[in-house]
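**Student:** The opening residue of the sequence shown carries number 0 in numbering that gives the first Met the number 0; numbering runs sequentially from there. For every residue, glycine included, the Cβ atom is placed at its ideal position computed from N, Cα and C. Before I ask anything, here is the structure I am working with.
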Amino acid sequence: MKTAVYPGSFDPITCGHLDIIRRASRQFDHIIIAVLNNTSKKPMFTAEERVKLIKKSIADLPNCSAEAFDGLLVDFVRAKNSRTVIKGLRALSDFEYEFQMALFNKKMEPDIETLFMVTDANASYISSSIVKEIASLDGDFRDLVPEEIYDDVKLKMKEGR
Ligand code: COA
């Protein structure tokens with residue numbers, strides 16, 4: 000069985016992430032969406048909440064699952080008997096950082112490959128931070144997140160105010 004891991008902080012999952020997950024799910028038997036727990040980014044949603052939001056968003060994708068992880072990505076990938084990391088590239092600006100991460104991961108675990116997928120043109124401007132900013136200013140972010148989680152994000156923003 001070919002399993003690929005799609006890692007990120009997903010704070011929260013966006014339509015751009017979901018586009019990558021959907022397309023990757025057609026190329027692999029199983030996609031594990033791996034949510035980084037101890038991110039340096041100070042997330043708005045806890046890892047548990049982020050996993051829940053992803054699970055709601057992928058309910059129609061039976062070969063996808065989501066879970067949180069700590070520590071090195073390559074250790075998680077190996078523990079899941081996978082050798083593939085999927086990453087989305089939105090623009091040239093993503094490339095340098097992603098290139099460096101892919102090289103480091105390769106150095107640590109030469110058997111693990113990073114595959115880059117080009118983000119859908121309609122989602123190339125989306126990021127989790129943009130979603131949070133628009134939502135916090137009471138703007139319309141309906142098109143930016145999976146519809147299943149729109150109310151959850153809105154509620155969290157209200158609570159945070
Ligand atoms: N559509 C829309 N937005 C996207 C996207 C897409 N297809 N792909 C990425 N993004 C956004 C994310 O939402 C995120 O936005 P934000 O900065 O506003 O939160 C931004 O692009 C960066 O995403 P990504 O590159 O996936 O970084 P991340 O912080 O979400 O996740 C990890 C990074 C978890 C993959 C990485 O830190 C990691 O592997 N950590 C584990 C520890 C480790 O092994 N370290 C050594 C690595 S060399």
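1) Decide if P109 is buried, meaning its Cβ has at least 16 other Cβ atoms within 10 Å, or exposed.
2) Should V152 be counted as a contact of ligand 1 given a C-beta to heavy atom distance under 7 Å?
3) Specify, as a first and last residue, the run of the beta strand (DSSP E) that L114 falls within.
4) Strictly under 8 Å for the Cβ-Cβ distance: is S92 near chain D by that measure?
5) Compute the minimum distance between the beta carbon of M100 and the heavy atoms of ligand 1, and state whether it is under 7 Å.
6) Confirm the yes/no value for this check: CB of V73, any heavy atom of ligand 1, distance under 7 Å.
7) How is the beta strand (DSSP E) around E146 delimited, first residue to last?
8) Kindly indicate which three-state DSSP category S24 falls into: helix, strand or coil?
9) Please go through the same chain and pick out, in chain order, the residues whose beta-carbon is closer than 6 Å to the beta-carbon of N37, but skip the five residues on each side of it.
10) Based on the DSSP output, what are the partners of G87 in its beta bridges?
11) Would DSSP call G167 helix, strand or coil?
12) Between which two residues does the alpha helix (DSSP H) carrying V134 extend?
13) On the three-pair Cβ rule with 8 Å, is the stretch 97-116 touching the stretch 132-141?
**Tutor:** For this structure:
1) exposed
2) no
3) 112-117
4) This model lacks chain D altogether, as it is built from one protein chain only.
5) yes
6) yes
7) Where E146 is concerned, there is no enclosing beta strand (DSSP E), given that its DSSP letter is neither H nor E.
8) helix
9) D69
10) M116
11) Outside the modelled stretch of the chain, which goes from 0 to 160, sits residue 167, for which no answer is possible.
12) According to the sequence displayed, residue 134 carries Ala and not Val. That run of the alpha helix (DSSP H) goes 127-135.
13) no
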